[in-house]
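Terminal number for the sequence shown in the numbering used here: 308, no gaps in between.
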Amino acid sequence: MAAAIVETPESRAGNGTSSAAGADGVVAAGADADIDLKADGVYADDLADARADDLADAPGDEFDDAPGDEFDDESETPQRGFRHWLTDRRPDVLAYVFVPVVTLFAAPVLAIFWGIVILGSDSEAPSMCDDVRAVNGCEELTLSLISAHVLGFLGLWALLWALPWWRGLRTPRVLLAVASGAVLFAALLRMAA
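See below:
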């Protein structure tokens with residue numbers, strides 16, 4: 116450990132009255148300063164070791180290797196694709212609730228909007244009604260087409276709730292929501308054709 120060196124006012128004046136003054140006018144501190152340094156160093160080292168021992172013996176450490184902690188290991192490479200969907204079972208309640216609710220409200224609104232844009236400029240009956248025009252069955256055909264697509268939408272929407280709330284299933288949940296909205300949009304395309 117290095118000795119503490121203190122500069123005194125006498126050594127600055129250069130009168131050399133101190134017997135412990137070196138050639139450069141610096142005086143070594145007394146034994147008290149050296150003891151304080153050693154005491155601080157010893158206590159600091161002992162405290163650091165004691166804290167490390169206390170943390171190592173903290174309650175709850177016996178559960179570090181409990182089953183189910185496989186996901187805490189960051190050294191493994193993350194899996195992708197279908198395997199990731201089945202292995203990442205962390206809860207994702209926000210997406211589990213948010214995706215179906217937004218799908219229930221947004222998909223019909225967007226389908227109606229695009230229906231007005233695509234079919235709204237035409238005052239004639241859709242071309243799919245050409246076969247039933249003679250018996251005045253266009254209304255029934257249109258309602259059966261719309262009801263079939265609405266039931267398809269609701270069936271896929273119900274499957275959104277059937278998927279577990281795992282985080283790994285977030286991508287399939289969004290894809291299923293898009294597919295359910297596409298079923299509604301397909302009714303518009305069939306009517307416009």
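Beta carbons: idealized from backbone N, C-alpha and C, even for Gly. Only a predicted model underlies this, so the values are computations on that prediction, with no experimental measurement involved.
Of the listed residues the options, nearest to residue i (C-alpha basis)
| i | options | result |
| --- | --- | --- |
| A210 | V293, L269 and W281 | W281 |
| L225 | E255, M306, V293 and P287 | V293 |
| L219 | C244, F300 and G296 | G296 |
| V217 | A307, E254 and L275 | L275 |
| G270 | M243, P215 and S236 | P215 |
Identified DSSP bridge partners for residue i
| i | result |
| --- | --- |
| P206 | W281 |
Residue i and residue j closer than 7 angstroms at C-beta
| i | j | result |
| --- | --- | --- |
| A222 | H264 | no |
| F268 | V232 | no |
| L278 | L284 | yes |
| L234 | A308 | no |
| V247 | L260 | no |
| A240 | C253 | yes |
Separation of residue j from residue i, as counted between CA atoms
| i | j | result |
| --- | --- | --- |
| A249 | W229 | 29 angstroms |
| N251 | M243 | 13 angstroms |
| R305 | I227 | 14 angstroms |
| S238 | S262 | 22 angstroms |
| V289 | V212 | 12 angstroms |
| P206 | L266 | 30 angstroms |
| D149 | D203 | Note that D149 has pLDDT 48, beneath the 50 cutoff, so the model's placement of it is unreliable and no number is given. |
| V208 | L258 | 36 angstroms |
| D245 | T286 | 41 angstroms |
| F300 | S236 | 17 angstroms |
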